Structures are given as structure tokens and as C-alpha cells.
Amino acid sequence: EAQVTQNPRYLITVTGKKLTVTCSQNMNHEYMSWYRQDPGLGLRQIYYSMNVEVTDKGDVPEGYKVSRKEKRNFPLILESPSPNQTSLYFCASSSRTDIAPYEQYFGPGTRLTVT
Amino acid sequence: DAKTTQPPSMDCAEGRAANLPCNHSTISGNEYVYWYRQIHSQGPQYIIHGLKNNETNEMASLIITEDRKSSTLILPHATLRDTAVYYCIVRLSGSARQLTFGSGTQLTVLP
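Each protein sequence line maps, in turn, to chains R and C.
All you need for the working numbering is the position in the first sequence, starting with 1, plus 196.
All you need for the working numbering is the position in the second sequence, starting with 1, plus 232.
This is the structure in C-alpha cells:
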């Protein structure tokens, strides 16, 4: 089954404690992306990756890091989480974005609470 | 990407067709219309997309007006599981930029 998986699905942590949210896709997609969703603000892109070792900032990259060492994985790293990073996070993937149109597949979401 | 306007909410009776409108009056010739939906706090789900012609797949139909300034997503036989926020998105093909999800339409399917 084609899918995007995220782990963990729920996480409560404390300010400053480094954490990683994993994202994996089994569709051999080149493009992967991280979004956060907050009430009243919709989905906002954090980082995206066009392919292995190619990443770029989205609209709200501050406080986040990503890496793309393998095609299937795109982890989101919060080096020093703060309460304003409490949010619902989604990972997404799609086939090459220079070949249009394309459909993005989203993961189930990770609900993060930073106290 | 062109801006879209959708009604904030709609109701539909179970088993009836749900018609969700979207206005995109500033759309340009090479911009596609995409529809996604998000069932409460789940990841958004792709439904359908189109450029000029009407499109149909197993989930829905997309009707785009001839001038392309508006479109309608049709769920032919709505079920309770179709209750979700539906997003109409207009974007250039081949763009690496993110999908811009606006406020969408909250569709509630009533028993």
C-alpha cells in the first residue's frame, strides 16, 4: 500500500529537549515536504526536498532542521523545541514536481506539545 | 498562485450530491485547479485536479467553467465519511512551491 508514515504520532516534550520526527514514504517519490498546521493559520510549509541531499526552506523554517540522506526518509529535527512549536505536523511526498501536475500524499500527522 | 474563494461551510444530506463551489477569478492559463480534503486532524487527501476540461475519478467530478474563473467539486452520493474540510487550490504546474491551503469549506453530511 502506498503510504507516508510518521513517527511518533503524539509527543509531549519539554522546552529545549532535542527531538526528531521521522517521515518515510514507500512510493519512490523525489519530492518530500514538512508542513505545520495551526488553528486559523492553515498549513504552512516548513522545509521541502526535491531529491536526496537537496533541501530548501519553506515559509516557516526557523527552529527546524531537516536532512535527506535517503530517498524514502525525510526527518524533521527540532534542536531546541519551544512552546510556539506546539502544533500538528504533516509530512508529504509526491513525484517530481517539474512534471505536472502532481498529487501530494500526506502522512497521518504528528501532534507535538512543547511545555 | 491565484487566490481562491470558497464558502466557509455547507451541509448535504446523506446520499445526495454535494456540490462545492470555488471561485478563482484570477487564474492564469497554465494554472491547475486541485481539490484536497482533510478529515478532522488527519492528513490532507488528494481528490482530483483539472486544467480546462471536466474531470471525473472514483471519488468525485470536477466541473470547470469555460472561462476557468470558477469550478465545482461534485461528490455524487455523499456519505457521512465525506464530512471534512474541502480545499480548492490553484497552482502552476511544475512548481516546487508548497500547496497553499486556504480556509476551505467545511462540508457536513447529515444523516
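A virtual CB, placed ideally from N, CA and C, is assigned to each residue, including glycine.
As the structure is a prediction and not an experimental result, all values here were calculated from the model.
Do you know how far the Cα of GLY212/R is from the Cα of CYS254/C?
-> Along the second sequence, read from residue 1 onward, the residue named residue 254/C stands at position 22. Along the first sequence, read from residue 1 onward, the residue named residue 212/R stands at position 16. Taking the straight line from one Cα to the other gives about 43 Å.
Cα-Cα, which of GLN238/C, THR337/C and ASN286/C is closest to ARG300/C?
-> Looking up residue 300/C in the second sequence gives position 68. Ranking GLN238/C, THR337/C and ASN286/C by CA distance to the CA of ARG300/C puts ASN286/C first.
According to the Cβ coordinates, are PRO204/R and THR309/R closer than 8 Å?
-> In the first sequence, the residue the question calls residue 204/R occupies position 8. In the first sequence, the residue the question calls residue 309/R occupies position 113. The answer is no: Cβ separation not under 8 Å.
Taking all protein chains shown into account, decide if ASP243/C is buried (16 or more other Cβ within 10 angstroms of its Cβ) or exposed.
-> Counting from 1 along the second sequence, the entry for residue 243/C is found at position 11. In this structure ASP243/C is exposed. Its beta-carbon is surrounded by fewer than 16 other beta-carbon atoms within 10 angstroms.
Anything in chain R within Cβ reach of TYR278/C, meaning under 8 Å, just list it in chain order.
-> On the second sequence, position 46 is the one that residue 278/C refers to. Within chain R, the C-beta atoms nearer than 8 Å to that of TYR278/C come from GLU299, GLN300 and TYR301, in chain order.
When DSSP labels each residue in this structure, what does LEU312/C get in the three-state scheme?
-> Here residue 312/C refers to the residue found at position 80 of the second sequence. When secondary structure is reduced to three states using DSSP, LEU312/C falls in the helix class.
With a cut-off of 8 Å, does the C-beta of GLN238/C fall near any C-beta of chain R?
-> Within the second sequence, the letter at position 6 stands for residue 238/C. For GLN238/C, the answer is no, since every Cβ of chain R falls outside 8 Å of its Cβ.
Short CB-CB distance (under 8 Å) between LEU342/C and chain R | Numbered from 1 along the second sequence, position 110 holds the residue referred to as residue 342/C. Cβ-Cβ to chain R under 8 Å: no for LEU342/C.
From which residue to which residue does the beta strand (DSSP E) around ALA249/C run?
-> Walking along the second sequence from the start, residue 249/C turns up at place 17. Per DSSP, ALA249/C is not a residue of any beta strand (DSSP E), being assigned neither H nor E.
Going by DSSP, name the residue or residues bridged to SER293/C.
-> In the second sequence, residue 293/C corresponds to position 61, counting from 1. According to DSSP, SER293/C bridges with THR288/C and ILE306/C.
Return yes when the Cβ of ARG264/R is within less than 8 Å of the Cβ of GLN221/R, no when it is not.
-> Taking the first sequence and counting its residues from 1, one reaches residue 221/R at position 25. Taking the first sequence and counting its residues from 1, one reaches residue 264/R at position 68. For GLN221/R and ARG264/R, no; Cβs fall outside 8 Å.
In chain order, what residues of the same chain lie with their CB nearer than 6 Å to the CB of TYR319/C, ignoring the 5 residues before and after it?
-> In the second sequence, the residue the question calls residue 319/C occupies position 87. So the list reads TYR268, PHE333 and GLY336, once near-sequence residues are dropped.
Closest Cβ-Cβ distance between SER303/C and chain R: below 8 Å?
-> In the second sequence, counting from the first residue as 1, residue 303/C sits at position 71. Cβ-Cβ to chain R under 8 Å: no for SER303/C.
Chain-ordered neighbours of LEU308/R on chain C, where CB pairs are closer than 8 Å | Taking the first sequence and counting its residues from 1, one reaches residue 308/R at position 112. For LEU308/R, no chain C residue has a Cβ inside 8 Å of its Cβ, as the nearest lies near 13 Å away.
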